[in-house]
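In order, the protein sequence lines correspond to chains L and B. Heads up: the first sequence begins at 4 in the working numbering, then just goes up one per residue. Heads up: the second sequence begins at 1382 in the working numbering, then just goes up one per residue. Data first, discussion second: the structure below is written as C-alpha cells.
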Amino acid sequence: MLRLENVTKVYEGGVVAVKDVALNINKGEFVFLVGPSGSGKSTLIRLMMRDELPTNGDIWIAGKHASALSPWKVPQLRRSIGTVFQDFKLLPNKTVYENVAFAMEVTGKSRTAIHSQVPQVLKLVGLSAMADRMPRSLSGGEQQRVSIARAFVNRPLILLADEPTGNLDPATSVGIMRILDHINRTGTTVVMATHDHAIVNAMRRRVVQLDRGRVIRDESRGVYGASGATEDREEPVDRAVTDDDRTTNPASAQTEVETADTGQTPTENRVDEAISSEPTEVVAEAAVEGDGG
Amino acid sequence: MTGLSYTLREAVTNISRNGLVVLGAVLAVFVSLTLTFGTLVLGEVVRINTLQWAEDVRVSAYIRDDVSPSGITDLQTEMESWPEVDEVFFMSKTASLEEARILLANRPAALRVIEDDPSIVPASLRIKPVNPDDYQTIVTRAEAMPGLLSVESAAEAIDGMISLRDGLQIMSLFLAIALGIAAVALIANTIHMAIYSRREEIEIMNLVGASNWFVRTPFLLEGAFEGFVGAGLAVLVVVGGLRIASNQLTELPDWINIGIQSDYLARSGALVLIFGVVAGLAGSGLSLAVHKYLRT
C-alpha cells in the first residue's frame, strides 16, 4: 500500500529531515511512527501524502509511483489518502456536518452520496448529535473527531495521522484511538506519527522508530521505547486533562470520557483496556458500511 | 451537478465575503475602462469629423488666363488619370468670383480689390484626392504641369487635422494598453487577497484531493465577474454620457458632429465588455499562477 525505497529528504539549507528510509506498509496495517521531535516523523507523513517530494529515492502510494507523478495527477492520488493533523484544520465558518461534507463536495461527489455518507461517518465518530454545531463550540477531542470524519468520509485506502492526539488529554486520546482502530478494522491502512507512549504501548501494533531521519527500529508488535533505542520522554503518560478542554466545554469533555469508556485518568493498562474494548454498536455498524464508496 | 453548483456558490461567497475589496476592483476596472472607452469614443468623434473634413479637402490649381478651353480640358483629363485623384472640377472665372464674394464677405478691403477688377480672379481646377493624406503628392505633380498660375491647398489645416487624428489614435491605443494592464493588475491583487483569506479552505481542498480546476475556477469566475461588472458600468457611463451630450450640447458648431453610429457603440461596447472579462480572467490567472497556497 505504501512503499518507500531509499528515501532521503533534504530541505533548503542542507537540513536532512529523512535519510535513506526504506519502508513497506501493507494494506490494512496499523503503523506507529515514533521518535523524538525533529526525528523526521512529520516529514515522512508529508512524503506519504505527496505534500513533499523526496530529494532521493522512490515512493509508491496505493500502487502509484508518487514521487514521479505529474502535479495534475496528485489530486486523484490524494483521494485515496485521508489526513488528520494535530491542529485539526477545520473550517471555522462551517458546521460539523458542512466540514465533513466539504471533503465530498470538493471531490465532486453527488448530493445524494453526501447526504447518505456524512451522517454515517458522523455516527462512526460519535458526533451525530453535534452535526449543526460550529467547530469553536466543540472540545479539542470533538474537533479531532470531526477531522477524522472528514478524512474518512471518502473511504480512503490510507489514513495518515500526524500527532492526532498531540493536543488532547489521555482520556480523549483513547476515544480518538478507538475510532482510528475501528477505521483500521474496515481495511484502511493507518499510519500515525505520535509521541504518546501510552497509546503505542497499549495497542501493540507495528512501530517504526525514527532518529535523526533514519529508521532505527521496525517491530511488528512493538512498544514506544524498546531497550537500546533512543528514548523520548517528553510527554508524561499520566498527564492531566487540560484545563482548557474542561473549561471550554465540560459537557462534551464528559461525553468523550464516556465514549472512551473510561471514567478515570488512564494508565497504560486502562488505555489498553479502553482501546481494545468491544466497539460500540454504532462503530461496528459504520465499519461494515465503510466498504461503500 | 455538485461541482458546478459548488463552484458558483463559492464564487458568490468569495464576492460577498470580500465585498469592499471586490468593490475596489470593480471601481478600478470601471475607471480604467471608462477612460479607455471614452478615449475610443473621442477618437471615433474625431474620425467622423475628420472624415467629414476630408470630404472637403481640395487642391486648387489656378489656371493662367491665356490657357484655351481645350487646354483646360487637357489639364483636367490628365489630372483625372492620376491614381491619387478622385475627381477634378472646373471652376470658371465667374464661379470663382461668386465663391470669392462669399468667402471674403467679412473682409471688405479684400472684397473691394476684387470688385474693382473682377478679372484678377482666376479660373481653377479643384482636385479632390482619393485619400486626403495624399494631397502633397497631388500638389507636387500639379506644380509640374504647364499653364498654371499656382497650386494651393489648405496645407496647415490638413496637416493639423491628420496629426490630431493620428495622435488621438496613438493616445487611445496607449491608454487602452496602460489602463488594461492596470485593470489586470488590480484584479490580480483582489484575487490574491481572496486566495489568502481562503487559504485554510484551499489547503483542505488540496488535502482531500480537489482537482486543480475545482480549486481555481471560483477565483477565475470572481475575476471575470469583477471585469464584467466594471466594464459594464464603463459602457453605461460612456454611452449614457454621449447620449446626454448629444441632447444637451445643442450649441455646438455645425462642423462638429458627435452623432456616433449606434452600431459603432454596440460593437465597441461589446469589445469593452469582452476586454473586461478577459482582463478579469487574466488577473485571476496571474494571481493563481503565483500564489503559494495553490501549488500542488
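No residue lacks a Cβ here, since even glycine has one placed at the ideal position from N, Cα and C.
- Can you give the Cα-Cα distance for Trp1460 of chain B and Arg1493 of chain B, rounded to whole angstroms? Per the sequence presented here, residue 1460 of chain B reads as Met, with Trp not at that position. Within the model, the alpha-carbon separation for Met1460 of chain B versus Arg1493 of chain B is close to 34 Å.
| Cut-off 6 Å between Cβ atoms - residues of its own chain near Thr1417 of chain B, not counting five sequence neighbours on either side | In its chain, beyond the 5 residues on either side, Leu1556, Ala1557, Leu1560 have a beta carbon closer than 6 Å to the beta carbon of Thr1417 of chain B.
Notebook entry, point to check: Do Leu183 of chain L and Ala2 of chain L come within 8 Å of each other at the CB atom, strictly closer than that value?
Noted result: Nothing about residue 2 of chain L can be read from this structure; chain L reaches only from 4 to 296.
Looking at the ligand HEM, does it come within less than 7 Å of Pro95 of chain L, judged from the CB to the closest heavy atom? You won't find the ligand HEM in this model; it holds no ligand whatsoever.
Reference Glu1644 of chain B; option with closest CA among B:Val1422, B:Ser1451, B:Arg1398, B:Leu1478: Sequence inspection shows Asp at residue 1644 of chain B; the Glu mentioned does not correspond to that position. Comparing Cα positions, the closest option is B:Val1422.
- prompt: With a cut-off of 8 Å, does the C-beta of Asn157 of chain L fall near any C-beta of chain B?
  reply: The C-beta of Asn157 of chain L comes closer than 8 Å to at least one C-beta of chain B.
Margin query: With distance defined between alpha-carbon atoms, name the residue in B:Trp1594, B:Glu1496, B:Arg1648 nearest to Glu1425 of chain B.
Written below: Glu1425 of chain B has its Cα closest to that of B:Arg1648, out of B:Trp1594, B:Glu1496, B:Arg1648.
ask   = Hey, Glu1533 of chain B and Ser1441 of chain B: beta-carbon distance below 8 Å or not?
value = For the pair Glu1533 of chain B and Ser1441 of chain B, the CB atoms are nearer than the 8 Å cut-off.
Checklist entry - What number of angstroms, rounded off, separates the C-alpha of Ser1375 of chain B from the C-alpha of Ala1504 of chain B? => result Residue 1375 of chain B is absent from the structure shown; chain B starts at 1382 and stops at 1677.
When you compare the CB of Arg209 of chain L with every CB in chain B, is at least one pair closer than 8 Å?
It does not: the Cβ of Arg209 of chain L has no partner Cβ on chain B nearer than 8 Å.
(Q) Beta carbons nearer than 7 Å to chain B: which residues of the segment 73 to 89 of chain L have them? (A) Along the segment 73 to 89 of chain L, the positions whose C-beta sits under 7 Å from a C-beta of chain B are Pro74, Trp75, Val77, Pro78, Gln79, Arg81, Arg82, Thr86, read in chain order.
Next on the checklist: Which residues does DSSP list as the beta-bridge partners of Glu222 of chain L?
Outcome noted: Paired residue(s): L:Val210.
Exercise. What residue ranges within the segment 170 to 203 of chain L form continuous beta strand (DSSP E) runs of no fewer than 3 residues, ordered along the chain?
Worked result: Within the segment 170 to 203 of chain L, the complete beta strand (DSSP E) runs of at least 3 residues are 192 to 196.
Would you verify that the beta carbon of Leu94 of chain L is, or is not, closer than 8 Å to some beta carbon of chain B?
-> Closer than 8 Å: yes.
* When the Cβ atoms of the segment 47 to 61 of chain L are set against those of the segment 192 to 212 of chain L, are three or more pairs found closer than 8 Å? -> Enough Cβ pairs lie closer than 8 Å, so yes.
For the structure I just gave you, are there three or more beta carbon pairs, one from the segment 1610 to 1627 of chain B and one from the segment 128 to 135 of chain L, closer than 8 Å?
A contact between stretches requires three or more CB pairs, one per stretch, nearer than 8 Å, and the segment 1610 to 1627 of chain B fails this requirement with the segment 128 to 135 of chain L.
- Task: Report yes or no: is there a C-beta of chain B within less than 8 Å of the C-beta of Val193 of chain L?
- Result: It does not: the Cβ of Val193 of chain L has no partner Cβ on chain B nearer than 8 Å.
Proximity test, Cβ basis, 8 Å: Phe91 of chain L and chain B: Taking Cβ atoms only, chain B never reaches closer than 8 Å to Phe91 of chain L, which makes this a no.
inquiry  = Classify Val18 of chain L: buried if its beta carbon has 16 or more other beta carbons within 10 angstroms, exposed otherwise.
reply    = Here Val18 of chain L is exposed: its Cβ has fewer than 16 other Cβ atoms, across all protein chains shown, within 10 Å.
Residues in the segment 165 to 188 of chain L having any Cβ partner in chain B nearer than 7 Å: Within the segment 165 to 188 of chain L, no residue has its Cβ closer than 7 Å to any Cβ of chain B.
Check your understanding: Out of L:Glu32, L:Pro57, L:Arg6, which has the shortest C-alpha to C-alpha gap to Tyr14 of chain L?
Key -> If we check each option's Cα against that of Tyr14 of chain L, L:Pro57 comes out closest.
> Should Thr46 of chain L be flagged as near chain B, meaning a C-beta pair shorter than 8 Å?
Replying inline: Interface criterion not met: the Cβ of Thr46 of chain L is under 8 Å from no Cβ in chain B.
**Item:** Minimum Cβ-Cβ distance from Met1586 of chain B to chain L less than 8 Å
**Value:** Closer than 8 Å to the CB of Met1586 of chain B there is at least one CB belonging to chain L.
Exercise for the section: Per DSSP, which residues does Ala164 of chain L bridge with? Please list them. Expected result: Under the DSSP definition of a beta bridge, Ala164 of chain L partners with L:Val87, L:Met195.
Taking Cβ-Cβ distances shorter than 7 Å, what residues in chain L pair up with Ala1375 of chain B? Here chain B has residues from 1382 to 1677 only, and residue 1375 of chain B is not among them.
- [ ] List the residues of chain B that Phe105 of chain L touches, going by C-beta distances under 9 Å, in chain order.
- [x] The answer, in chain order, is Glu1582, Ile1585, Met1586, Val1589.
Drop a sphere of 10 angstroms on the beta-carbon of Asp1498 of chain B, count the other beta-carbons inside from all chains shown, and report buried for 16 or more, exposed for fewer.
Asp1498 of chain B should be labelled exposed.
If you reduce the DSSP assignment to three classes, tell me which class Val1438 of chain B lands in.
Shown here, Val1438 of chain B sits in coil according to DSSP, grouped into three states, outside any helix or strand.
Taking beta-carbon pairs under 7 Å, can you tell me which members of the segment 1387 to 1399 of chain B lie near chain L? Those would be Tyr1387, in chain order.
| query | Taking DSSP as the reference, what is the three-state secondary structure of Gln257 of chain L? | reply | At Gln257 of chain L, the pLDDT of 36 sits below 50, so the modelled position is not reliable and the matter cannot be decided from this model.
Look at Ala1563 of chain B and Ser1668 of chain B and say whether their C-beta atoms are less than 8 Å apart.
No, they are not a contact pair.
| message | For a contact defined as C-beta to C-beta under 9 Å, what are the partners of Phe1595 of chain B on chain L? | response | Under the 9 Å cutoff, chain L gives Pro78, Val109, Thr110, Gly111.
Query raised in the report: By how many angstroms is the C-alpha of Pro173 of chain L removed from the C-alpha of Glu237 of chain L?
Result: Low confidence applies to Glu237 of chain L: its pLDDT is 38, below 50, so where it sits in the model is not reliable, and the reading given next is rough at best. Rounded to whole angstroms, Glu237 of chain L to Pro173 of chain L spans 15 Å at the Cα level.
By how many angstroms is the C-alpha of Val21 of chain L removed from the C-alpha of Val109 of chain L?
Rounded to whole angstroms, Val109 of chain L to Val21 of chain L spans 32 Å at the Cα level.
Span of the alpha helix (DSSP H) around Lys97 of chain L: Counting along the chain, Lys97 of chain L falls outside any alpha helix (DSSP H), and DSSP gives it neither H nor E.
Task: Where the beta strand (DSSP E) containing Ile64 of chain L begins and where it ends - done: Here the beta strand (DSSP E) through Ile64 of chain L covers 59 to 64.
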